[in-house]
């Protein structure tokens, strides 16, 4: 597999989506000789699928690739089969995951990425769905049917946009407390909190943790002190976790 | 119906849960001659159901009432039928709602509250489940089966702990943007954002909005400017919304 799982789309100063990880994306696309990029924009609710696809095309404009939005395909399953690379936009994770299930795309994407080695680039919601389930997403379940199982490219849960700060005076549960709730109910699982500007890079059997801003990743397990993992670390061992 | 739907359990300076709304709770319990209070603590994950029940008993210690945790009942359905009042603790909304469905308690609670007029007091998760669905909760779906339909005592969605502040530098969607996503996908519904320290008080056919700290409530509808509703307002009209 070649996965680049970005926490989010932009950090301060970025004008393009995925800008902070473009060197990594460029390396993968060149190495895999990618020509035909399919963008999955289904998570996008507050702007159009066309606009989001165009934003991705703009980010990739330095490469000699064609960029197509999956929402424009007559046959989305065939479009996934024909893709040299898949880019999945952030937005609402519940809408994204339900749409992939509704259109029968989970199996074809799993086949392309996990069996054929088609590069998979996601950010935010597009990263959360690479886990066994989307149950550690931060957004609201705005769809009528709440479907949580997802692509399972990695064996741990992901919390994107991870942050351990809180708004002063706010009494609601913190992000860390919500992750703790998840682990109490799901005691064998792990949650990786990846801060904005960071990504997990899977290439073959190896995984590293990268961050444009050097923020560390937090690895949560029940009844264990969290592990703080620095940017640049080899985290291949996490690919062998129980899920 | 007699509902007191609190945004959260404590505001700054409170030592007891529901402290900021105790005058309103006392008024309802005295008026309804409540003796037997049943606490529903199923949302509580990070501490025990016993402890949470004891916290509620402590908050009600000025009243001549017995307080029992529903988790200790041999027959939870019978315990609901025998209750003079129901108090539902905050915690994880998904766990709370799934547990009520699993134990067959949704119908009995609806019957007690909506048909027999048994007072219902909730905070946070206990308030969110009074809506048609829990899809505007802030917490993570930590359970394996994501069940969203809920008690439907009111015809609008509730966002508890509502806040329009954000953490500086954080690029993730704001609370308002997530509510906007909900409304785009569910264009006929309304979402009420109730800030910490506030509550909705339903008595018979009337509803008012109250707040210990005078913070306003925000009423969100698709393609309409939000309505800012001041504490002390009669909001009975919201009980006639489409859902």
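Protein chains in written order, with the numbering used here: chain C, 1 to 243; chain P, 1001 to 1243.
Yeah, the Cβ is synthetic: ideal placement off N, Cα and C, and Gly gets one too.
Computed from a prediction, not measured in an experiment: that's the story for all the values here.
Simplified DSSP assignment, three categories, for residue i
| i | result |
| --- | --- |
| residue 182 of chain C | helix |
| residue 1224 of chain P | coil |
| residue 108 of chain C | helix |
| residue 23 of chain C | helix |
| residue 1148 of chain P | coil |
| residue 1076 of chain P | helix |
| residue 1066 of chain P | strand |
| residue 99 of chain C | helix |
| residue 18 of chain C | coil |
| residue 55 of chain C | helix |
| residue 218 of chain C | strand |
| residue 1238 of chain P | helix |
| residue 159 of chain C | strand |
| residue 34 of chain C | coil |
| residue 1208 of chain P | strand |
| residue 2 of chain C | strand |
| residue 166 of chain C | coil |
| residue 1125 of chain P | helix |
| residue 11 of chain C | coil |
| residue 143 of chain C | coil |
| residue 1113 of chain P | helix |
| residue 1174 of chain P | coil |
| residue 136 of chain C | coil |
| residue 28 of chain C | helix |
Chain-ordered chain B contacts of residue i [CB-CB under 8 Å]
| i | result |
| --- | --- |
| residue 1019 of chain P | The chain inventory of the structure shown lacks chain B, comprising the protein chains C and P. |
CB of residue i within 9 Å of CB of residue j, strictly
| i | j | result |
| --- | --- | --- |
| residue 1087 of chain P | residue 1126 of chain P | yes |
| residue 95 of chain C | residue 40 of chain C | no |
| residue 194 of chain C | residue 160 of chain C | yes |
| residue 38 of chain C | residue 106 of chain C | no |
| residue 1250 of chain P | residue 1192 of chain P | Residue 1250 of chain P lies beyond the range of chain P shown here (1001 to 1243); nothing can be said about it. |
| residue 1204 of chain P | residue 1002 of chain P | yes |
| residue 1198 of chain P | residue 1006 of chain P | yes |
| residue 92 of chain C | residue 1185 of chain P | yes |
| residue 1008 of chain P | residue 172 of chain C | yes |
| residue 1020 of chain P | residue 1028 of chain P | no |
| residue 1117 of chain P | residue 1032 of chain P | yes |
| residue 1134 of chain P | residue 1128 of chain P | yes |
| residue 166 of chain C | residue 1167 of chain P | yes |
Candidates the options: closest to residue i by CA position
| i | options | result |
| --- | --- | --- |
| residue 1228 of chain P | P/1209, P/1089 and P/1242 | P/1209 |
| residue 1149 of chain P | P/1104, P/1132 and P/1164 | P/1132 |
| residue 1237 of chain P | P/1173, P/1001 and P/1154 | P/1154 |
| residue 71 of chain C | C/235, C/48, C/120 and C/85 | C/48 |
| residue 181 of chain C | P/1224, P/1034 and P/1042 | P/1042 |
| residue 1102 of chain P | P/1122, P/1077 and P/1084 | P/1077 |
| residue 1232 of chain P | P/1213, P/1120, P/1056 and P/1220 | P/1213 |
| residue 1176 of chain P | C/139, C/123 and C/35 | C/139 |
| residue 130 of chain C | C/14, C/89, C/144 and C/20 | C/89 |
| residue 183 of chain C | C/136, C/174, C/33 and C/114 | C/136 |
| residue 1082 of chain P | P/1128, P/1024, P/1240 and P/1113 | P/1113 |
| residue 30 of chain C | C/240, C/119 and C/10 | C/119 |
| residue 1215 of chain P | P/1222, P/1200 and P/1223 | P/1200 |
| residue 34 of chain C | C/84, C/117, C/221 and C/100 | C/84 |
| residue 1098 of chain P | P/1156, P/1147, P/1023 and P/1121 | P/1147 |
| residue 1004 of chain P | P/1067, P/1124, P/1111 and P/1224 | P/1124 |
| residue 1023 of chain P | P/1234, P/1211 and P/1240 | P/1211 |
| residue 1111 of chain P | P/1151, P/1223 and P/1174 | P/1151 |
| residue 1240 of chain P | P/1156, P/1166, P/1165 and P/1075 | P/1156 |
Nonlocal neighbours in the same chain, by C-beta distance under 7 Å from residue i, ignoring five residues either side
| i | result |
| --- | --- |
| residue 218 of chain C | 162, 193, 226 and 228 |
| residue 1073 of chain P | 1079 |
| residue 1067 of chain P | 1037, 1039, 1053, 1056, 1057 and 1060 |
| residue 1235 of chain P | 1207, 1208, 1209 and 1229 |
| residue 1196 of chain P | 1007, 1008, 1011 and 1161 |
Cβ-based neighbour list, residue i, same chain, cut-off 8 Å, excluding 5 preceding and 5 following
| i | result |
| --- | --- |
| residue 26 of chain C | 62 and 63 |
| residue 179 of chain C | 136, 159, 191, 193 and 220 |
6 Å CB neighbourhood of residue i in its chain, flanking five on each side removed
| i | result |
| --- | --- |
| residue 1069 of chain P | 1039, 1041, 1049 and 1053 |
| residue 985 of chain P | There is simply no residue 985 of chain P to check, as chain P begins at 1001 and stops at 1243 in what is shown. |
| residue 59 of chain C | 16, 17 and 18 |
| residue 1100 of chain P | 1106 |
Near the ligand MG: residue i beta-carbon under 8 Å from a heavy atom
| i | result |
| --- | --- |
| residue 213 of chain C | In terms of ligand content, the structure shown is empty, and the ligand MG therefore cannot be addressed. |
task: Give the residues from the region 1177-1194 of chain P that approach chain C closer than 8 Å (Cβ to any Cβ), ordered along the chain.
output: Flagged, chain order: 1177, 1178, 1179, 1180, 1181, 1182, 1184, 1185 and 1186.
query: Looking at chain C, which residues of the region 1147-1174 of chain P have a Cβ within less than 7 Å of any of its Cβ atoms?
result: Answer in chain order: 1148, 1161, 1163, 1165, 1167, 1169, 1170, 1171, 1172 and 1173.
- prompt: Relative to chain C, which residues along the region 1219-1232 of chain P have a C-beta separation below 8 Å, given in chain order?
  reply: Listed in sequence order: no entries.
Contact residues within the region 1013-1041 of chain P, judged by C-beta distance below 7 Å to chain C: Within the region 1013-1041 of chain P, contact with chain C at the beta-carbon level (separation under 7 Å) is assigned to no residue.
query: Mind listing which residues of the region 127-139 of chain C have their C-beta closer than 9 Å to chain P's C-betas, in chain order?
result: Listed by position, the residues of the region 127-139 of chain C near chain P (Cβ gap below 9 Å) are 133, 134, 135, 136, 137, 138 and 139.
message: Short of 7 Å Cβ to Cβ, which residues in the region 1070-1093 of chain P face chain C?
response: For the region 1070-1093 of chain P, the set of residues with a beta-carbon nearer than 7 Å to any beta-carbon of chain C comprises 1092, in chain order.
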